[in-house]
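**Student:** Take a look at this one; I'll ask things after.
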Amino acid sequence: MKTVPSTSAVIPAIGPAAMTSSTASLTGQIQSSLGSSRAPQTTRESKMKKRINLLLVDDHPVVRKGIISCLARHEHLHIVGEAEDGQDAMRKARELMPDIVLMDIDMPEMDGLAVTELLRKEIPKIKVLILSMHSNTEYVMRIIQSGASGYILKEAPAEDLVRAIDLVNDGEAFFSPEVARAALNKYVRGGGEDGSAQLTNREREVLVQIAEGLSNKEIANKLGVGVRTVETHRERIMRKLNIHSVAGLTKFAISKGLISLNG
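Its first residue numbered 1, the sequence shown is counted upward by one per residue in this note's numbering.
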C-alpha cells in the first residue's frame, strides 16, 4: 500500500481554485501513489472508529489502485472488493454486502446510476457514494433521484473522501462543496424545476412509451392517434429536453422516475 500526505479533515468552504499546494486532490493522489513505496501511516482517530467495509467500483484499474492508496492510512476503512463494471458491481455487492459502495458513473454493462437504483430496491441497507468526474447540476439531480447518499468529485481532496465516507456511513448525505453550490445556484436562478415539467401530459405519455421501447406505430395504436402525431410529439420532446436519441430519452425517463428499471 502507498502513503497519503496528512491533511485537514475540514471540508473547504470554497472550490478547487482556492486549494493550497499542500492539499493534494484525489486525481493527484492517484498519479503520485503509483510511484510511492512508503508504508501507510495510520492515525489514532482511525483506530478508534468503527470498521467500514467498502466496495470500490470503477472501470479503470489505475483509478482503483489510487483510491485504495488514498484510503490505506485509515485503518477503519476496508476495501473488501473491487468491481470494473455495473454487472460485476451487483454480483460483488450481493456477495460481499459492503457498508458502502464507492461508485463511478460511466462504466460498461450498466452505469453507476442504474446500479445505484437496483441496490436501493434490492439491498437498501447498502449505501452508495458516487465518485465521479462529472460536476454538472443535471448529474446531481439524477444522483439524488437514484438513491445515492452522496456525490464527491474525483478531483476533491483525499480527506474529503474520507469525511464523505464517514458521514454517509452515519446516515448523512455528502456532496462536494462546488457541486452543492452549483446545484443551489441553479435553484436560486429558478432552474431547479424537473425537466419533465416542461412537457405536456401527452408528451410525458409518449416519452414513457418511447422509453419502454415502443415504435411510433405501436404508440399511435395505444394512444389512438396517428403516427404523424406521435412523430410530432417525439420531435417536441427531444427539442424541449435537448435530448436527441432514444437511449438518451430512456435514461432521462428512468432518472426522473417516469419508468422503472424493472419494467
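Think of the CB as a built atom: it goes at the ideal place given N, C-alpha and C, for glycine as much as any other residue.
On a predicted model such as this, the values are computed, not experimentally measured, just so you know.
Spatial neighbours of E203 within its chain, please: C-beta separation below 7 Å, excluding the five flanking residues on both sides.
**Tutor:** Excluding positions up to five away in sequence, the list reads H233, R236 and I237.
**Student:** Can you give the beta carbon distance from E82 to R94, rounded, assuming they're within the 8 Å contact cut?
**Tutor:** At roughly 15 Å, the Cβ-Cβ gap does not stay under 8 Å, so E82 and R94 are not in contact.
**Student:** Can the beta-carbon of L55 be found less than 8 Å from the beta-carbon of I68?
**Tutor:** Going by C-beta atoms, L55 is not nearer than 8 Å to I68.
**Student:** Quick check on this structure: which residue in Q87, V101 and E122 has the alpha carbon closest to the alpha carbon of M110?
**Tutor:** When each option's Cα is compared against that of M110, the closest is Q87.
**Student:** Excluding the 5 residues preceding and the 5 following Q145 in the sequence, name in chain order all residues of the same chain whose CB lies nearer than 8 Å to its CB.
**Tutor:** Hits under 8 Å: S255, K256 and G257.
**Student:** For the ligand GTP, I want to know if V63 counts as a neighbour, meaning its beta carbon is within less than 7 Å of at least one of the ligand's heavy atoms.
**Tutor:** No copy of the ligand GTP appears in this structure; indeed no ligand is present at all.
**Student:** Entirely within the stretch 213–263 and at least 4 residues each: give me those alpha helix (DSSP H) ranges in chain order.
**Tutor:** The qualifying runs are 216–223, 227–241 and 246–255.
**Student:** So what's A72 in DSSP terms, helix, strand or just coil?
**Tutor:** Coil at A72, not helix or strand.
**Student:** Can you tell which of K251, G224 and R228 has its C-alpha closest to the C-alpha of G213?
**Tutor:** Here the closest residue by C-alpha is K251.
**Student:** Which term fits H246, buried or exposed, when burial requires 16 or more other beta carbons within 10 angstroms of its beta carbon?
**Tutor:** In the sequence as displayed, the identity of residue 246 is Val instead of His. V246 comes out exposed.
**Student:** Measuring only the C-alpha atoms, how far is S25 from L207?
**Tutor:** Any reading at S25 is ruled out, since the residue's pLDDT is 48, under 50, leaving its predicted position unreliable.
**Student:** How would you call K92, buried or exposed, if buried means at least 16 neighbouring beta carbons within 10 angstroms?
**Tutor:** It is buried - the Cβ of K92 has at least 16 other Cβ atoms within 10 Å.
**Student:** What first and last residue would you give for the beta strand (DSSP E) that runs through M103?
**Tutor:** Taken as a continuous stretch (DSSP letters only), the beta strand (DSSP E) holding M103 covers I100 to M103.
**Student:** Per DSSP, what kind of secondary structure is I123 in: helix, strand or coil?
**Tutor:** Correct three-state label for I123: coil.
**Student:** Taking its Cβ as the centre, do 16 or more other Cβ atoms sit within 10 Å of R73, making it buried, or is it exposed?
**Tutor:** That one is buried.
**Student:** Can you check whether the CB of L129 is closer than 8 Å to the CB of A164?
**Tutor:** Yes, the pair counts as a contact, with Cβ atoms nearer than the cut-off.
**Student:** Quick check on E155: does DSSP put it in helix, strand or coil?
**Tutor:** The answer is coil: DSSP assigns E155 none of H, G, I, E or B.
**Student:** Beta-carbon separation of V80 and P98 under 8 Å?
**Tutor:** Taking 8 Å as the Cβ cut-off, V80 and P98 qualify as a contacting pair.
**Student:** Are the beta-carbon atoms of V162 and I100 separated by less than 8 Å?
**Tutor:** In this structure, I100 does not lie closer than 8 Å to V162 by Cβ.
**Student:** Within 10 angstroms of the Cβ of T200, are there 16 or more other Cβ atoms? Answer buried if so, exposed if not.
**Tutor:** Counting Cβ neighbours within 10 Å, T200 comes out exposed, since fewer than 16 surround it.
**Student:** Could you give the DSSP three-state label for S132: helix, strand or coil?
**Tutor:** Strand, per DSSP.
**Student:** Can you give me the C-alpha to C-alpha distance between S155 and G147, rounded to a whole angstrom?
**Tutor:** It is Glu, not Ser, that sits at residue 155 in the sequence shown. Rounded to whole angstroms, E155 to G147 spans 23 Å at the Cα level.
**Student:** Buried or exposed for P108, please, with buried defined as at least 16 other CB atoms from any protein chain shown within 10 angstroms of its CB.
**Tutor:** The residue in question, P108, is exposed, as its Cβ has fewer than 16 Cβ neighbours within 10 Å.
**Student:** Nearest to C70 by CA position, among I143, P157, A114 and R228, is which residue?
**Tutor:** Cα-wise, what sits closest to C70 is P157.
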